[in-house]
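Engineer: Below are the structure tokens for one structure; questions will follow.
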Amino acid sequence: MAVSLLPAVLVLLAIVAPLLYLVLLPAVKYTTRNGAARWEDDGGDGRRRRRLPPSPRGLPLLGHLHLLGALPHRALRSLAAAHGPVLLLRLGRVPVVVVSSAAAAEEVMRSRDMEFASRPRMAMAELLLYGGRDVAFAPYGEYWRQARRICVVHLLSARRVLSFRRVREEEAAALVGRVRAAAADVVVDLSDLLIAYSNTVLTRIAFGDESARGGGGGGDRGRELRKVFDDFARLLGTEPMGELLPWFWWVDALRGIDGKVQRTFEALDGILERVIDDHRRRREGGRRMDDDGGGDHRDFVDVLLDVNETDKDAGIQLGTVEIKAIIMDMFVGGSDTTTTMMAWTMAELINHPRAMRKAQNEIWAVVGNTSHVTKDHVDKLPYLKAVFKETLRLHPPLPLLIPREPPADTQILGYTIPAHTRVVINAWAIGRDAAAWGQQPDEFSPEKFLNSTIDYKGQDFELLPFGAGRRGCPGIVFGVSAMEIALASLLYHFDWEAAATDHRRRGSQAWALPVDMSEVNGIAVHLKYGLHVVAKPHLTRGD
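So the sequence shown is residues 0 to 542, counted in numbering that gives the first Met the number 0.
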């Protein structure tokens, strides 16, 4: 009932806001008639003037909220096309600068990286991620520096990622088995199976929990964690109305946001508390996961507990709260985004059968008739890697990167950015910028990357799916490794085509329709209708 009242509230705003606009228009300081850059006094004794980025016309109270629509990354691309690559908006009471070109992004994340290294306070992140004790959403400072160093050195190093090779290969093989079993029913819900794969890989790596095998999972803890994390991801991608429009705080109450946050946090915290307690009890009993067939195969919880006990250079105390927050960052950065990227990649290949066959031919030539695809095989697949880069270009997992916030006035492309303004990089728009990608930037064409040095690791600002600079994602290799082995395995063992779904059924032609690429917004942007496909096994491929 509370959620059903929200449309009524929005209708009320739609009626009231235009009336307020007519009454208050002369007093609206931040609106412009033509979207041009404007000058204003900086408020100092010197009465210097500063050149602010251009803005479209806004409404009193709402500012530019009404312009965002259901898919803000698309709306912001259109606004950038009209007003320029650096755009000043006001979302309720919150000033936001949107960056939509590679040159502007490079200034933010390289030339002035230090000035834009902090994060704004975000209510959902503080409530769900232990008050900023994580890494992704924490403000810039000593805690963030030390916590990030721990992640980079101890959790996400190349050596640590390699140590989990067996987990990824086993779960990719298990994914193939689940697809084969589901294919007997004709239509496969690949989205659901990819979610299961991502969650299981992460759960095993983070917790060393064998009960997580079998779809994130086959065990009680795996199923419980998956349900709670789904709720967590939805809430983390929600902006409370009260954050943007404080006088409409009651809308959040009507929607029951506070209760949902509290229930989800308590459920998630309880799971993490039990996992950490289990590890501590096992360690006290002298049982560890240090060695399994040679090498260091400790899970993330054991690594963090070891860091707390032995790393004298850590610079921070890793108590239970900090361990929980850092582990949650691994799930935020590694589960929803991994699933999303694999789904988009498979959707693009199904809709471009020539590209799919080219990728399959490459995989079959490298893998031969062995039972399973391995990391060694994946390292020899340049076309598959080009497919992956092209998908990241067109469908970055976070189209709008996590906001940054300068503590003092600074500049982007000559425009003054006032202190404490949120700065958002539209990675989706940059990846489709004709200035960088030619006259058909929305077309799927992996071949462009075969003879190109452009990569997604933060050095090439026309391709920024994982950000760059100090705030760039530290787990790129970790996430990509899980995606590549799964995709190569699916393409090696099966042919794929879109299946008919109820919302697209068109009589006798239903089976020939491509995958519906409609989007739905969340912490990541997903396929709106999921990925329902027909998988046809290659019986001669190691089966």
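Heads up, the beta-carbon is just placed ideally off N, CA and C, and yes, glycines get one too.
Quantities reported herein were computed from a predicted structural model and do not represent experimental measurements.
How long is the line joining the alpha carbons of L75 and I256, rounded to whole angstroms?
Structural biologist: Counting from 1 along the sequence shown, the entry for residue 75 is found at position 76. Counting from 1 along the sequence shown, the entry for residue 256 is found at position 257. Those two C-alpha atoms are separated by around 26 Å.
Engineer: Could you give the residue range of the alpha helix (DSSP H) that holds D441?
Structural biologist: To locate residue 441, count along the sequence shown from 1; it is residue 442. It is not in any alpha helix (DSSP H) - D441 carries neither H nor E in the DSSP assignment.
Engineer: What residue range does the alpha helix (DSSP H) around F264 cover?
Structural biologist: Taking the first residue of the sequence shown as 1, we reach residue 264 at position 265. Unbroken alpha helix (DSSP H) run through F264: I256 to E283.
Engineer: Using only the alpha-carbon positions, how far apart do G529 and T237 sit?
Structural biologist: The residue given as residue 529 occupies position 530 in the sequence shown. The residue given as residue 237 occupies position 238 in the sequence shown. Cα to Cα, the separation comes out at about 21 Å.
Engineer: Using three-state DSSP, classify I514 as helix, strand or coil.
Structural biologist: On the sequence shown, position 515 is the one that residue 514 refers to. Note on identity: in this sequence residue 514 is Val, with Ile being the wrong assignment. Reduced to three states, the DSSP call for V514 is coil.
Engineer: Starting from P71, trace the alpha helix (DSSP H) both ways and give me its first and last residue.
Structural biologist: Your numbering for residue 71 matches position 72 in the sequence shown. Looking at the DSSP string, the run of the alpha helix (DSSP H) that includes P71 is P71 to H82.
Engineer: Taking only the alpha-carbon atoms, compute the straight-line gap between R50 and Y491 and give it to the nearest angstrom.
Structural biologist: Working through the sequence shown from its first residue, we reach residue 50 at position 51. Working through the sequence shown from its first residue, we reach residue 491 at position 492. Near 55 Å, if we compare the C-alpha coordinates of Y491 and R50.
Engineer: Does the ligand ADP have a heavy atom nearer than 6 Å to the CB of L412?
Structural biologist: Ligands are entirely absent from the displayed structure, and the ligand ADP is therefore not among its contents.
Engineer: Given a threshold of 16 other Cβ atoms within 10 Å of its Cβ, counted over all protein chains shown, does S480 qualify as buried or as exposed?
Structural biologist: Translated into the one-based positions of the sequence shown, residue 480 becomes position 481. Buried, by the Cβ-count rule.
Engineer: By how many angstroms is the C-alpha of C150 removed from the C-alpha of T543?
Structural biologist: A query on residue 543 cannot be resolved here, the shown segment of the chain reaching from 0 to 542 and no further.
Engineer: Mapping DSSP to helix, strand and coil, what is K527?
Structural biologist: As a working mapping, residue 527 is identified with position 528 in the sequence shown. If DSSP states are grouped into helix, strand and coil, K527 belongs with coil.
Engineer: Which of the three DSSP states is assigned to Y414 in this structure?
Structural biologist: Sequence index remark: in the sequence shown, residue 414 carries index 415 (1-based). Residue state, collapsed to three classes: strand.
Engineer: Out of N307, A81 and P59, state which residue places its alpha-carbon closest to the alpha-carbon of P53.
Structural biologist: Taking the sequence shown and counting its residues from 1, the one referred to as residue 53 is at position 54. Among N307, A81 and P59, the Cα nearest to that of P53 is on A81.
Engineer: Could you tell me whether the stretch 123-143 touches the stretch 443-456, using the rule of 3 or more Cβ pairs below 8 Å?
Structural biologist: With a cut-off of 8 Å, the stretch 443-456 and the stretch 123-143 do not count as touching, because too few Cβ pairs lie within range.
Engineer: From S197 to D335, what does the alpha carbon distance come to, in whole angstroms?
Structural biologist: Position 198 of the sequence shown, counting from 1, holds the residue named residue 197. Position 336 of the sequence shown, counting from 1, holds the residue named residue 335. Going by the C-alpha atoms only, they are around 8 Å apart.
Engineer: Would you kindly report the start and end of the unbroken beta strand (DSSP E) that includes F493?
Structural biologist: In the sequence shown, counting from the first residue as 1, residue 493 sits at position 494. Taken as a continuous stretch (DSSP letters only), the beta strand (DSSP E) holding F493 covers F493 to A497.
Engineer: Taking the CB atoms as reference points, tell me whether G57 and R89 lie closer together than 7 Å.
Structural biologist: The residue given as residue 57 occupies position 58 in the sequence shown. The residue given as residue 89 occupies position 90 in the sequence shown. Yes, the pair counts as a contact, with Cβ atoms nearer than the cut-off.
Engineer: In the DSSP assignment, what are the bridge partners of I424?
Structural biologist: Within the sequence shown, the letter at position 425 stands for residue 424. Bridge partners of I424: V98.
Engineer: Hey, how far is the Cα of L24 from the Cα of L463?
Structural biologist: On the sequence shown, position 25 is the one that residue 24 refers to. On the sequence shown, position 464 is the one that residue 463 refers to. With a pLDDT of 37 at L24, under the threshold of 50, the modelled position of that residue is not reliable, and no figure is offered here.
Engineer: If V95 sits next to T409, beta carbons under 8 Å apart, how far is it from one beta carbon to the other, in whole angstroms?
Structural biologist: On the sequence shown, residue 95 is found 96 positions in, with the first residue counted as 1. On the sequence shown, residue 409 is found 410 positions in, with the first residue counted as 1. About 15 Å; that fails the 8 Å criterion.
Engineer: Any idea if L526 is buried or exposed, counting beta-carbon neighbours within 10 angstroms, 16 or more meaning buried?
Structural biologist: Against the sequence shown, residue 526 aligns to sequence position 527. Buried, because 16 or more other Cβ atoms sit within 10 Å of the Cβ of L526.
Engineer: Keeping to the same chain, check which residues put their C-beta closer than 7 Å to that of N33; ignore five residues upstream and five downstream.
Structural biologist: The residue given as residue 33 occupies position 34 in the sequence shown. Model confidence at N33 stands at a pLDDT of 48, short of 50, so the residue's coordinates are unreliable; what they give is reported in the following sentence. Excluding residues within five positions, none has a Cβ falling inside 7 Å.
Engineer: Around the Cβ of L12, are there at least 16 other Cβ atoms within 10 angstroms (buried) or fewer (exposed)?
Structural biologist: Looking up residue 12 in the sequence shown gives position 13. Caution applies to L12, whose pLDDT of 48 falls short of 50 and renders its modelled position unreliable; the value that the coordinates give is listed next. Classification of L12: buried, given that the 10 Å Cβ count is 16 or more.
Engineer: Under 7 Å, do H72 and L399 count as touching if we go by C-beta distance?
Structural biologist: Numbered from its first residue, the sequence shown carries residue 72 at position 73. Numbered from its first residue, the sequence shown carries residue 399 at position 400. Taking 7 Å as the Cβ cut-off, H72 and L399 qualify as a contacting pair.
Engineer: Assign V134 to one of two classes, buried (16 or more other C-beta atoms within 10 Å of its C-beta) or exposed (fewer than that).
Structural biologist: Residue 134 sits at position 135 when you count from the first residue of the sequence shown. When all chains shown are included, V134 counts as buried.
Engineer: Apart from the five residues on each side of it in sequence, which residues of its chain come closer than 8 Å, Cβ to Cβ, to R109?
Structural biologist: Counting from one through the sequence shown, the residue named residue 109 turns up at place 110. Answer for R109: F460, A467 and G468, listed in chain order.
Engineer: For T409, name the three-state secondary structure that DSSP assigns.
Structural biologist: Within the sequence shown, numbered from 1, the residue matching residue 409 stands at position 410. Of the three classes helix, strand and coil, the one that applies to T409 here is strand, per DSSP.
Engineer: Report the partner residues of K226 according to the DSSP bridge assignment.
Structural biologist: Residue mapping note: residue 226 aligns to position 227 of the sequence shown, counting from 1. Paired residues: none, contrary to the question.
Engineer: Examine the Cβ distances between the stretch 116-123 and the stretch 231-251 and report whether three or more of them are shorter than 8 Å.
Structural biologist: These segments touch.
Engineer: Taking Cβ to Cβ, would you say R203 is nearer than 7 Å to L192?
Structural biologist: Residue mapping note: residue 203 aligns to position 204 of the sequence shown, counting from 1. Residue mapping note: residue 192 aligns to position 193 of the sequence shown, counting from 1. Not closer than 7 Å, so no.
Engineer: Report the rounded CA-to-CA distance for H376 versus C472, giving the unit in angstroms.
Structural biologist: For the purposes of this step, residue 376 is taken as the residue at position 377 of the sequence shown. For the purposes of this step, residue 472 is taken as the residue at position 473 of the sequence shown. Rounded to the nearest angstrom, the two C-alpha atoms are 26 Å apart.
Engineer: Who pairs with L58 in a beta bridge, going by DSSP?
Structural biologist: Numbered from 1 along the sequence shown, position 59 holds the residue referred to as residue 58. Answer by DSSP bridge pairing, in chain order: G62.
Engineer: Would you identify the three-state DSSP class for A135, choosing helix, strand or coil?
Structural biologist: Translated into the one-based positions of the sequence shown, residue 135 becomes position 136. Three-state result, A135: coil.
Engineer: By the DSSP assignment, the beta strand (DSSP E) with R543 in it spans what residues?
Structural biologist: What the structure shows of the chain is the stretch from 0 to 542, and residue 543 is not part of that stretch, so it cannot be assessed.
Engineer: Just verifying my parser: in three-state terms, what is the DSSP assignment at V618?
Structural biologist: Outside the shown range of the chain, which is 0 to 542, sits residue 618, and nothing can be said about it.
Engineer: Pull up the DSSP beta-bridge partners for R89, would you.
Structural biologist: For the purposes of this step, residue 89 is identified with residue 90 of the sequence shown, where counting begins at 1. In DSSP, R89 forms a bridge with P94.
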